[in-house]
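A.B. asks: Here the sequence shown is numbered in numbering that gives the first Met the number 0, starting from 0 and rising by one per residue. Each residue gets a CB set at the ideal place from its N, CA and C atoms; glycine is no exception. Values in this document were obtained by computation on a predicted structure and should not be read as measured data. Attaching a single structure in structure tokens format; questions to follow.
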Amino acid sequence: MKSKIVIRITLAILLVAIVAFSGCIEEQSLPKETHIIAPELPEQPIMTSVQPTIPITQNINGNYKVQDVSGDTININGNYNKIRILNADASLIRVNGNYNTVYYPKEARPVIKENGNGNEIKTY
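This is the structure we're talking about:
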């Protein structure tokens, strides 16, 4: 019985000693990094936002599609589709079919061409 108590006390003292001296251990410093100097690159032309972008046309064909799209021209052909247009600079939304629902951003000012029955074209 006494030997178990002595072992427990010894283990407790050993644990306290380990915790107390763990902060005294010095960390080894890593070797210094060598810096490689890259060769100078030739001057690049300045890109501005007024440069023309390539127009993108997105075609959604089929029925019962739920899809998020972005592009300059959006063509939707089919029935019962739910389409959300993500970009505010869409210039043309063309809907052919029946009962399609198309959402576009409030900031967008697209030309809307709709042909069919029950189509809904709304802002969000």
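Using a 10 Å radius around the Cβ and a threshold of 16 neighbouring Cβ atoms, would you call residue 94 buried or exposed?
C.D. replies: Here residue 94 refers to the residue found at position 95 when the sequence shown is read from its first residue. That one is buried.
A.B. asks: Less than 7 Å separating the beta-carbons of residue 104 and residue 92?
C.D. replies: In the sequence shown, counting from the first residue as 1, residue 104 sits at position 105. In the sequence shown, counting from the first residue as 1, residue 92 sits at position 93. Against a cut-off of 7 Å, the Cβ pair of residue 92 and residue 104 comes out as no contact.
A.B. asks: Exposed or buried, what is residue 5 when buried is set at 16 or more other beta-carbons lying within 10 Å of its beta-carbon?
C.D. replies: Taking the first residue of the sequence shown as 1, we reach residue 5 at position 6. Residue 5 is exposed by the Cβ-count criterion.
A.B. asks: From residue 182 to residue 60, what distance separates their C-alpha atoms?
C.D. replies: This structure cannot settle anything about residue 182, because the visible part of the chain is limited to 0 through 123.
A.B. asks: Three-state secondary structure (DSSP) at residue 7?
C.D. replies: The residue you call residue 7 lines up with position 8 of the sequence shown. Residue 7: helix per DSSP, three-state reduction.
A.B. asks: Once you ignore the five residues that flank residue 106 on each side, which residues in its own chain have a CB closer than 8 Å to its CB?
C.D. replies: Along the sequence shown, read from residue 1 onward, the residue named residue 106 stands at position 107. Here the set comprises 87.
A.B. asks: Please tell me whether residue 84 and residue 68 are closer than 7 Å, where the distance is taken between their beta carbons.
C.D. replies: Against the sequence shown, residue 84 aligns to sequence position 85. Against the sequence shown, residue 68 aligns to sequence position 69. In this structure, residue 68 lies closer than 7 Å to residue 84 by Cβ.
A.B. asks: What is the DSSP secondary structure of residue 64, counted as helix, strand or coil?
C.D. replies: The residue given as residue 64 occupies position 65 in the sequence shown. Looking at residue 64 - three-state DSSP - the assignment turns out to be coil, as it is neither helix nor strand.
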